[in-house]
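Residue numbers (the UniProt record's numbering): 1 to 358.
Report on one structure; see the data block that follows.
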């Protein structure tokens with residue numbers, strides 16, 4: 001029999017580890033393997049937890065950065081709605097997450113917490129709850145509600161705990177994969193996107209333009225005389241200049257725009273949904289962000305400038321690489337003309353964009 005610790009109205013379940021774990025139905029494992037989206041995985045866990053533990057309702061909730069618990073999936077009779085949230089402080093879920101313990105609330109009418117009172121008002125009498133915890137990290141809780149107060153079954157609560165651990169392990173792996181993907185598509189120094197991400201996004205934008213005539217523009221840009229900064233002040237200062245540079249640019253970009261560091265002091269912006277006629281204004285916003293004030297690095301100030309080339313797609317383009325090349329040609333024209341300016345590639349010509357007013 002499991003050891004029992006009673007604290008207030010919660011009964012903390014501490015499963016023994018000497019024996020074998022209860023068998024989880026193979027159908028549950030098959031359904032999890034068939035689930036494609038994250039929501040499908042959560043729904044599968046909720047559905048099978050409901051079936052295995054013979055409750056009237058199972059729910060899965062995650063904690064957020066605001067110390068709240070948010071419900072994401074449920075199965076069974078009426079209960080907490082998906083998307084509903086409660087403060088963790090003073091709640092059963094808060095205790096479970098903090099202590100990483102499975103608990104059983106035998107009488108919801110005596111629990112006194114907001115969530116327990118709400119469930120009691122909906123006709124539930126008792127509740128079992130286990131943390132979604134693994135390897136020192138807890139994502140939330142998985143719960144089973146009962147309308148009749150059942151005899152506590154150690155094996156069933158052990159299954160609840162194991163299912164919570166399995167789901168937590170899947171969540172952790174998914175989180176780690178997302179982090180690896182982010183690292184693979186982001187520049188380590190500045191945090192903006194890298195060339196690999198740009199190549200993938202560019203293919204999508206190009207296809208959308210060809211099939212749906214969805215406009216886009218491309219900006220190629222370099223920091224002027226950046227090598228001199230590195231040579232005179234060192235690479236640590238140069239790195240800080242790059243960080244401030246990307247922060248300035250991001251302050252003037254839309255969420256849909258993709259700022260990319262191509263390498264060294266070379267950058268690019270893929271401006272989705274931007275028409276050809278609006279490209280000059282994109283360049284003006286960006287150059288204004290750089291010119292707005294000297295870059296303050298520690299106790300030093302640097303007058304940083306940049307050169308820009310902008311271009312959009314044309315019907316004669318064979319691929320988006322043609323757009324990239326025109327933007328690069330415009331950038332080189334800006335450099336030849338003295339730097340700290342914008343050139344526009346349009347209608348077969350390269351022309352400077354007026355920036356005196358910015």
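Ideal placement from N, C-alpha and C gives every residue a C-beta, glycine not left out.
> Counting along the chain, where does the alpha helix (DSSP H) carrying residue 300 start and finish?
Replying inline: Element bounds for residue 300: not the alpha helix (DSSP H) but the beta strand (DSSP E), 300 to 302.
>> Tell me which residue opens and which closes the beta strand (DSSP E) that residue 129 is part of.
In response: 126 to 134
>> Under DSSP, the beta strand (DSSP E) around residue 75 begins and ends at which residues?
In response: 68 to 76
>> Tell me whether the segment 94 to 106 and the segment 23 to 43 touch, counting them as touching only if at least three CB pairs, one residue from each stretch, are closer than 8 Å.
In response: no
> With DSSP run on the structure shown, which of helix, strand or coil describes residue 225?
Replying inline: coil
>> Restricting to Cα atoms, I'd like to know which of 353, 239 and 211 is closest to residue 283.
In response: 353
>> Tell me which residue opens and which closes the alpha helix (DSSP H) that residue 284 is part of.
In response: 279 to 291
> What are the partner residues of residue 25, as DSSP defines its beta bridges?
Replying inline: Per DSSP, none; premise fails for residue 25.
> Residue ranges of each beta strand (DSSP E) run of no fewer than 3 residues wholly in the segment 137 to 196, ordered along the chain?
Replying inline: 137 to 146
>> Would the segment 156 to 168 count as touching the segment 134 to 143 if we require 3 or more Cβ pairs under 8 Å?
In response: yes
> Which term fits residue 117, buried or exposed, when burial requires 16 or more other beta carbons within 10 angstroms of its beta carbon?
Replying inline: exposed
> Roughly how many angstroms lie between the CA atoms of residue 1 and residue 155, to the nearest whole one?
Replying inline: At residue 1, the pLDDT of 29 sits below 50, so the modelled position is not reliable and the matter cannot be decided from this model.
> residue 90 to residue 179, Cα distance in whole Å?
Replying inline: 32 Å
> Between residue 281 and residue 271, which are expected to be in contact by the criterion C-beta below 8 Å, what is the C-beta distance as a whole number of angstroms?
Replying inline: No, residue 281 and residue 271 are not in contact; Cβ-Cβ is about 10 Å, not under 8 Å.
>> By alpha-carbon positions, which one of 302, 276 and 113 ends up nearest to residue 291?
In response: 302
> According to DSSP, what are the bridge partners of residue 311?
Replying inline: 218 and 345
> For the beta strand (DSSP E) that contains residue 355, what are its first and last residues?
Replying inline: Counting along the chain, residue 355 falls outside any beta strand (DSSP E), and DSSP gives it neither H nor E.
> How many angstroms separate the CA atom of residue 188 from the CA atom of residue 263?
Replying inline: 11 Å
> residue 347: which of 338, 328 and 311 sits nearest, CA to CA?
Replying inline: 311
>> Assuming residue 36 is part of the beta strand (DSSP E), what are its boundary residues?
In response: Where residue 36 is concerned, there is no enclosing beta strand (DSSP E), given that its DSSP letter is neither H nor E.
> Straight-line CA distance for residue 170 to residue 330?
Replying inline: 48 Å
>> Judging by CA-CA distance, which residue of 148, 225, 68 and 34 is the nearest neighbour of residue 127?
In response: 148
>> Within 8 Å, do at least three Cβ pairs link the segment 229 to 244 to the segment 193 to 211?
In response: no
> Taking DSSP as the reference, what is the three-state secondary structure of residue 265?
Replying inline: coil
>> Judging by CA-CA distance, which residue of 279, 324 and 341 is the nearest neighbour of residue 203?
In response: 324
> Between residue 277 and residue 160, what straight-line distance do the alpha-carbon atoms span, to the nearest angstrom?
Replying inline: 60 Å
> Anyone know if the C-beta pair for residue 111 and residue 103 falls short of 8 Å?
Replying inline: no
>> On the CB-based measure, 16 or more other CB atoms within 10 Å of its CB, does residue 336 come out buried or exposed?
In response: exposed
> How is residue 89 classed by DSSP in three states: helix, strand or coil?
Replying inline: coil
> Of the choices 259, 145 and 115, whose alpha-carbon is the least far from that of residue 413?
Replying inline: In the structure as shown, the chain begins at 1 and stops at 358. Residue 413 is therefore absent and cannot be evaluated.
>> Let me make sure I understand the geometry here. Which of 72, 333, 265 and 73 has the alpha-carbon closest to that of residue 229?
In response: 265
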